Amino acid sequence: MFSLSLFFNIAIAINSIYLVSGSPFAKDLIEEIHIGNLDQFVDIGDDLVSVTPANDSSVNGKNSTDMLFLISEEVNNNSTEVPFFDIRYDALPSHCSTVNSSIPKNCAEATACTKRSGYYKIKLPAFSNDSFLVECDVHTDGGDWTVIQRRLDGSESFFRTWSQYKDGFGEIEGEYFIGLDKLHALTNFDGRQELIVLLERNDLLTYYAKYSSFSIGNDTERFILKRVGRYTGNAGDSLQPHVGSRFSTMDQDNGSAVPNMAITFSSAWWYNNARSSDLNSQFGKTDNTGIFWNGTYLAGKYIKTVKMMIRRFRV
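Structural data, given as structure tokens:
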């Protein structure tokens, strides 16, 4: 048994605690905890990996059954202590507007002055002269994250066409996919990106998978999953087996399986001849036909919420 006091600081904030542990008693330990950086507890390597799946016996990173990881995330947008920022309605504080008058190119720049999670406009000139709206998370694992996908309540169908996945869909405040064109730009034109996947089961136990790099190809390459770096976390590594796979939708089958797995699972994903993960599948299913992550604690379970986020890699 390890001492919580060695690792965690109590935070006075309105936060949702992601209890990422294989032990169900964990959710009763404490109500509000803030963690500064997961990298204190797990090593994030620089090396890229092959498509060979990792062994789930190390599902919790180090000493899997004994470690408790907590990710603190702001969930109350109306909190008077840490209010959510929305560039569509909120003016930047005067001292922020003088710091940098240009449109930021990522969430690290967007939140550098405000220090607040929320909705910001960013622009990647190599991709487009137009800015676009993103959600930035400053709380999880040190912040600077851009939300690229979220499953929350089943309000949006993720069984959609190639064109819809290319452009993005949903409501940024709720269920949402940023779009493959933007995801390609973000993972190719703003330096090396890392990915974190947060997964909550219906029993409120939450798991995560973090990858030291992540990038996809462009439309011509059928948005192939080009690169996934070293895995750490307790969810199990279920993304690396898809490296080298092209994205498939209901109307464009780019996978190697027959029939089209996107139709089989009412989804869209980087399919090959198997399925180790599928976070765009049907909401609310309690078997492997629903939102799927083939980890020890998640395979065949009802995955209630999903959040995928990227940021520039941190050494």
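Residues -22 to -1, 1 to 293 in mature numbering (1 follows the signal peptide of the UniProt record, and there is no 0) are what the sequence shown lists, from first letter to last. From the three backbone atoms N, C-alpha and C, an ideal C-beta is built for every residue, glycine too. For clarity, every value in this text was computed on a predicted model and none was experimentally measured.
Query                                                                                                                                                     : Result
Which of the three DSSP states, helix, strand or coil, is assigned to Y280?                                                                               : coil
Looking only at its own chain, which residues have a Cβ that is under 7 Å from the Cβ of K282, when we skip the five neighbours before and after it?      : E178, R179, N180
Among S80, S135, T89, I241, whose alpha-carbon lies nearest the alpha-carbon of residue 294?                                                              : Because the chain here runs from -22 to 293, residue 294 falls outside it and cannot be looked at.
Hey, would you say T92 sits closer than 7 Å to C74, going by beta carbons?                                                                                : yes
Figure out for me which residue from Y209, R253, D215 has the closest Cα to the Cα of S223.                                                               : R253
Buried or exposed: which applies to residue 307, given that a residue is buried once 16 or more other Cβ atoms fall within 10 Å of its Cβ?                : What is shown of the chain runs -22 to 293, which leaves residue 307 out entirely.
Mind checking which residues open and close the alpha helix (DSSP H) that includes S193?                                                                  : First-last for S193: 192 to 194, but that is the beta strand (DSSP E), not the alpha helix (DSSP H).
If you draw a straight line from the C-alpha of K99 to the C-alpha of Y67, how long is it?                                                                : 12 Å
With a threshold of 8 Å, are at least 3 pairs of Cβ atoms found where one atom belongs to the stretch 103 to 122 and the other to the stretch 226 to 243? : no
Rounding to the nearest angstrom, what Cα-Cα distance links D34 and K188 in this structure?                                                               : Its pLDDT being 40, under 50, D34 is placed unreliably in this model, and the value from its coordinates should be taken loosely. Computed Cα separation, rounded: 14 Å.
Just to confirm, is the Cβ distance from S193 to G207 under 7 Å?                                                                                          : no
Give a yes or no on whether the minimum CB-CB distance between I281 and chain B is below 7 Å.                                                             : Absent here is chain B; the protein component of the structure consists of one chain.
Hey, how far is the Cα of S248 from the Cα of N196?                                                                                                       : One detail in the question is off: residue 248 reads as Trp in this sequence, not Ser. So the two alpha carbons sit approximately 13 Å from each other.
How is the alpha helix (DSSP H) around D145 delimited, first residue to last?                                                                             : 140 to 145
Comparing C-alpha positions only, which one of M287, E153, V293 sits nearest to I126?                                                                     : M287
To the nearest angstrom, report how far apart F291 and Y154 are at their CA atoms.                                                                        : 23 Å
So for D229, helix, strand or coil by DSSP?                                                                                                               : coil
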